[in-house]
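Q: Going down the list, the sequences are from chains A and B. For the first sequence, this note's numbering begins at 127 and goes up steadily by one. For the second sequence, this note's numbering begins at 127 and goes up steadily by one.
Protein chains: 2
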Amino acid sequence: MARRATGAAQRVAVAEVPRDEKFNARRIELAEAALETLGELGFARTSLREIAQNSSFTHGVFHYYFSDKLDLICCCVRHYKAKCVTRYDEVVVSARSREELTEGFLAKLAATLETEAPMHRLWYDLRSQAMFEPAFRKDVLEIDKSLEAMIWRVASRYAELSGRQPVSSPRCALCAIRRPVSERVAQAPRQRHEGRSRTPCRGTTSAADDLS
Amino acid sequence: MARRATGAAQRVAVAEVPRDEKFNARRIELAEAALETLGELGFARTSLREIAQNSSFTHGVFHYYFSDKLDLICCCVRHYKAKCVTRYDEVVVSARSREELTEGFLAKLAATLETEAPMHRLWYDLRSQAMFEPAFRKDVLEIDKSLEAMIWRVASRYAELSGRQPVSSPRCALCAIRRPVSERVAQAPRQRHEGRSRTPCRGTTSAADDLS
DNA sequence: CGACAGTCTTGACGACTGTCCAAATTCTTG
DNA sequence: CAAGAATTTGGACAGTCGTCAAGACTGTCG
Numbered sequence: 127m128a129r130r131a132t133g134a135a136q137r138v139a140v141a142e143v144p145r146d147e148k149f150n151a152r153r154i155e156l157a158e159a160a161l162e163t164l165g166e167l168g169f170a171r172t173s174l175r176e177i178a179q180n181s182s183f184t185h186g187v188f189h190y191y192f193s194d195k196l197d198l199i200c201c202c203v204r205h206y207k208a209k210c211v212t213r214y215d216e217v218v219v220s221a222r223s224r225e226e227l228t229e230g231f232l233a234k235l236a237a238t239l240e241t242e243a244p245m246h247r248l249w250y251d252l253r254s255q256a257m258f259e260p261a262f263r264k265d266v267l268e269i270d271k272s273l274e275a276m277i278w279r280v281a282s283r284y285a286e287l288s289g290r291q292p293v294s295s296p297r298c299a300l301c302a303i304r305r306p307v308s309e310r311v312a313q314a315p316r317q318r319h320e321g322r323s324r325t326p327c328r329g330t331t332s333a334a335d336d337l338s
Numbered sequence: 127m128a129r130r131a132t133g134a135a136q137r138v139a140v141a142e143v144p145r146d147e148k149f150n151a152r153r154i155e156l157a158e159a160a161l162e163t164l165g166e167l168g169f170a171r172t173s174l175r176e177i178a179q180n181s182s183f184t185h186g187v188f189h190y191y192f193s194d195k196l197d198l199i200c201c202c203v204r205h206y207k208a209k210c211v212t213r214y215d216e217v218v219v220s221a222r223s224r225e226e227l228t229e230g231f232l233a234k235l236a237a238t239l240e241t242e243a244p245m246h247r248l249w250y251d252l253r254s255q256a257m258f259e260p261a262f263r264k265d266v267l268e269i270d271k272s273l274e275a276m277i278w279r280v281a282s283r284y285a286e287l288s289g290r291q292p293v294s295s296p297r298c299a300l301c302a303i304r305r306p307v308s309e310r311v312a313q314a315p316r317q318r319h320e321g322r323s324r325t326p327c328r329g330t331t332s333a334a335d336d337l338s
């Protein structure tokens with residue numbers, strides 16, 4: 127935002143575009159660094175300085191690329207979820223049978239739960255924050271819709287491979303998949319740059335168990 | 127906590143008890159005042175000073191009755207939920223038919239959604255916080271279990287009045303009731319001491335819609 | 001009445017927050 | 001290479017935070 131405010135507005139279009147692309151690429155680089163800390167500490171406990179210190183950037187840079195903290199966090203979760211919603215697409219188009227689709231889908235789902243529990247946790251956190259912080263509401267709602275569409279693509283394909291009509295609605299399909307997922311996510315332990323430790327496969331029921 | 131640390135430990139038992147009761151009563155008074163602000167702003171945005179300013183107490187009192195902020199918040203949500211879990215008990219014992227139970231239950235549920243949306247919202251918030259703040263986990267899990275039991279009492283009674291066995295498990299019954307409830311809660315607008323304004327009965331789907 | 005424990009108020013403390021900005025640095029372009 | 005724009009840095013700023021403690025107030029009991 128700061129950069130847009132400065133000069134060079136009337137540059138020729140051929141140079142303008144790659145410059146904006148570079149700017150956006152940097153934003154995403156920063157957002158990914160921020161996600162590291164955000165997923166670990168949650169929204170309430172994460173400060174810009176903490177993000178910076180936990181990355182290779184200084185805290186000033188974040189204010190050069192983002193108008194404020196909420197702008198950064200929105201960008202973070204948007205970027206992450208944009209990757210999420212394409213996760214099953216390849217499985218959907220390549221599966222040739224119902225069983226193949228089921229297996230491929232569950233494999234990807236399991237892998238996600240294993241490796242990206244902190245991100246899921248962060249997403250739950252931000253959905254709650256959106257109830258109090260109006261600035262989040264629009265983004266959260268939009269992402270939720272895209273998740274709904276993602277699951278619906280899987281469900282539709284499943285019905286198609288079965289030679290039937292889908293038996294549910296997009297919203298219900300999302301809800302159905304959410305419960306077992308959130309149960310697993312809530313069990314994932316926090317880890318703070320102490321090397322890779324696999325999330326336990328099964329533990330005792332933990333707090334925040336079942337966030338449905 | 128502070129008081130317990132000071133003297134008067136060897137007071138006679140007859141005087142000890144009412145004094146502790148008075149102390150606890152005061153704690154609950156403070157907790158209820160804190161819930162006002164907490165339900166309005168959520169965990170992340172609520173400070174002790176904000177709580178105090180939004181009540182008839184000074185911020186120092188809270189430190190006299192609670193060891194720290196987390197202690198206060200845990201007490202708040204414990205106290206509120208303790209009231210919650212008895213909400214339907216009267217309906218359960220007094221209902222003489224399946225229809226009577228259904229009607230009584232839904233009436234109470236609707237009334238709660240109308241008047242206590244901020245509290246529900248706060249509860250969702252704290253469940254998310256528990257994923258990051260270990261100090262919350264124990265309380266959250268415990269409360270969740272009591273909610274499960276609460277719904278199960280209704281479901282069991284319903285089955286009994288129908289002359290059948292319950293068709294679900296306690297956990298599933300809780301999940302089933304949660305989804306429509308959280309949808310409604312997420313729609314409730316924030317209100318900050320600007321007089322009573324009824325929550326809208328139905329609106330467009332809002333963010334944080336469906337927290338399942 | 002005086003002593004005293006319990007209760008409450010008030011102001012202060014250091015740590016931390018988001019934001020801003022001037023200077024330093026790097027990169028691009030003429 | 002020189003000039004100017006873009007980027008990056010790190011410190012300063014005004015607030016706010018949780019916590020603490022010294023003193024004031026209250027009621028009770030000897």
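Ideal Cβ placement from N, Cα and C applies to all residues, glycine included. Just so we're clear, the structure is a prediction, and the values are computed from it rather than from any experiment.
In whole angstroms, what separates the C-alpha of glutamine 317 (chain B) from that of valine 218 (chain A)?
A: With a pLDDT of only 46 at glutamine 317 (chain B), under the threshold of 50, the placement of this residue in the model should not be trusted; the figure read from the coordinates follows. Their backbone Cα atoms lie some 45 Å apart in a straight line.
Q: Would you identify the three-state DSSP class for methionine 245 (chain A), choosing helix, strand or coil?
A: Residue state, collapsed to three classes: helix.
Q: Put arginine 190 (chain A) into one of helix, strand or coil per three-state DSSP.
A: Going by the sequence as given, residue 190 (chain A) is tyrosine instead of arginine. The answer is helix: DSSP assigns tyrosine 190 (chain A) an H, G or I state.
Q: Taking valine 203 (chain A) as part of the alpha helix (DSSP H), name the residues at either end of that continuous run.
A: It spans 195-210 - the alpha helix (DSSP H) in which valine 203 (chain A) sits, taken as one unbroken run.
Q: Let me know the alpha helix (DSSP H) ranges lying completely inside the segment 229-294 of chain A, each 4 residues or longer, listed in chain order.
A: List check, alpha helix (DSSP H) in window: 243-255 and 260-288.
Q: Might you give, ordered along the chain, the residues of its own chain that have their beta carbon closer than 8 Å to the beta carbon of arginine 213 (chain A), omitting 5 neighbours on each side?
A: Around arginine 213 (chain A): Lys234, Thr238 and Met276.
Q: In chain order, what residues of the same chain lie with their CB nearer than 7 Å to the CB of proline 292 (chain B), ignoring the 5 residues before and after it?
A: Contacts found: Ala281, Ser282 and Ala285.
Q: So, at 7 Å on beta carbons, what are the nonlocal neighbours of glycine 165 (chain B) in its own chain, with the 5 sequence-adjacent residues on each side left out?
A: Excluding residues within five positions, the ones whose Cβ falls inside 7 Å are Pro244, Met245, Arg247 and Leu248.
Q: Please compile the residues from chain A whose C-beta is within a distance smaller than 9 Å of the C-beta of leucine 167 (chain B).
A: Those are Phe258, listed as they occur along chain A.
Q: Where leucine 300 (chain B) and alanine 256 (chain B) are concerned, what is the direct C-alpha to C-alpha distance, given to the nearest angstrom?
A: Taking the straight line from one Cα to the other gives about 19 Å.
Q: Using 8 Å for Cβ pairs, my map puts leucine 252 (chain B) next to valine 203 (chain B). What's the rounded Cβ distance?
A: Rounded, the Cβ-Cβ distance is 6 Å, consistent with contact.
Q: Please name the residue in A:Ser308, A:Leu227 and A:Lys264 whose C-alpha comes closest to that of serine 288 (chain A).
A: Cα-wise, what sits closest to serine 288 (chain A) is A:Leu227.
Q: So with Cβ pairs under 8 Å, would you call tyrosine 206 (chain B) a contact of chain A?
A: Taking Cβ atoms only, chain A never reaches closer than 8 Å to tyrosine 206 (chain B), which makes this a no.
Q: Excluding five sequence neighbours on each side, which residues of the same chain lie with their C-beta closer than 6 Å to the C-beta of valine 339 (chain B)?
A: Any property of residue 339 (chain B) remains undetermined from this structure, which presents chain B solely from 127 to 338.
Q: Could you check the C-alpha separation between arginine 290 (chain A) and arginine 222 (chain B) for me, to the nearest Å?
A: Rounded to the nearest angstrom, the two C-alpha atoms are 44 Å apart.
Q: Give the straight-line distance between the Cα atoms of serine 182 (chain B) and phenylalanine 188 (chain B), rounded to the nearest whole angstrom.
A: Their Cα atoms are separated by approximately 12 Å.
Q: So what's alanine 221 (chain B) in DSSP terms, helix, strand or just coil?
A: Three-state result, alanine 221 (chain B): coil.
Q: Counting along the chain, where does the alpha helix (DSSP H) carrying alanine 178 (chain A) start and finish?
A: Segment 174-179, the alpha helix (DSSP H) holding alanine 178 (chain A).
Q: What is the rounded straight-line gap between the Cα of histidine 162 (chain A) and the Cα of histidine 185 (chain A)?
A: Here the sequence assigns glutamate to residue 162 (chain A), which means histidine is not the residue at that position. Rounded to whole angstroms, glutamate 162 (chain A) to histidine 185 (chain A) spans 15 Å at the Cα level.
Q: For lysine 148 (chain B), is the classification buried or exposed, using 16 other Cβ atoms within 10 angstroms of its Cβ as the cut-off for buried?
A: Its Cβ having fewer than 16 others within 10 Å, lysine 148 (chain B) is exposed.
Q: Inspect the beta-carbon positions of cysteine 200 (chain A) and aspartate 265 (chain A) and report whether they are closer than 8 Å.
A: Cβ distance < 8 Å, so cysteine 200 (chain A) and aspartate 265 (chain A) count as in contact.
Q: By a C-beta neighbour count over all protein chains shown, 10 Å radius and 16 as the cutoff for buried, is alanine 208 (chain A) buried or exposed?
A: With fewer than 16 other Cβ atoms within 10 Å, it is exposed.
Q: Find the residues of chain A that neighbour alanine 281 (chain B), judging by a C-beta separation of less than 9 Å, and give them in chain order.
A: Simply none; closest approach about 17 Å.
Q: Check each residue of the segment 224-256 of chain B: if its Cβ is closer than 8 Å to any Cβ of chain A, include it; give the result in chain order.
A: The segment 224-256 of chain B vs chain A, Cβ under 8 Å: Arg247, Tyr250, Asp251, Arg253, Ser254, Gln255 and Ala256.
Q: Select from the segment 176-195 of chain B all residues with a C-beta closer than 9 Å to any C-beta belonging to chain A, and list them in chain order.
A: Cβ contacts with chain A come from no residue of the segment 176-195 of chain B.
Q: Compare the beta carbon distance of phenylalanine 258 (chain B) and arginine 171 (chain A) with 8 Å and say whether it is the shorter of the two.
A: Yes, these two residues count as a Cβ contact at 8 Å.
Q: Along chain A, which residues have their Cβ under 7 Å away from the Cβ of alanine 170 (chain B)?
A: Phe169, Ala170 and Gln255, listed in chain order.
Q: For alanine 299 (chain B), does the three-state DSSP call read helix, strand or coil?
A: Looking at alanine 299 (chain B) - three-state DSSP - the assignment turns out to be helix.
Q: Is arginine 364 (chain A) helix, strand or coil when you go by DSSP?
A: Lying before the first or after the last residue shown, residue 364 (chain A) is absent from chain A, which here runs from 127 to 338.
Q: Is arginine 222 (chain B) close to chain A, meaning its C-beta is less than 8 Å from at least one C-beta of that chain?
A: For arginine 222 (chain B), the answer is no, since every Cβ of chain A falls outside 8 Å of its Cβ.
Q: What residues from the segment 299-314 of chain B come within 9 Å of chain A, judged by C-beta to C-beta, listed N to C?
A: Within the segment 299-314 of chain B, the residues whose Cβ lies closer than 9 Å to some Cβ of chain A are Leu300, Cys301, Arg304, Arg305, Ser308, Val311, Ala312 and Ala314, listed in chain order.
Q: Which value, in whole angstroms, describes the spacing of the CA atoms of glutamine 179 (chain B) and leucine 196 (chain A)?
A: Roughly 26 Å separates the two Cα atoms.
Q: Using the Cα positions of arginine 153 (chain B) and tryptophan 278 (chain B), report the straight-line distance between them to the nearest angstrom.
A: The straight-line gap from Cα to Cα measures roughly 30 Å.
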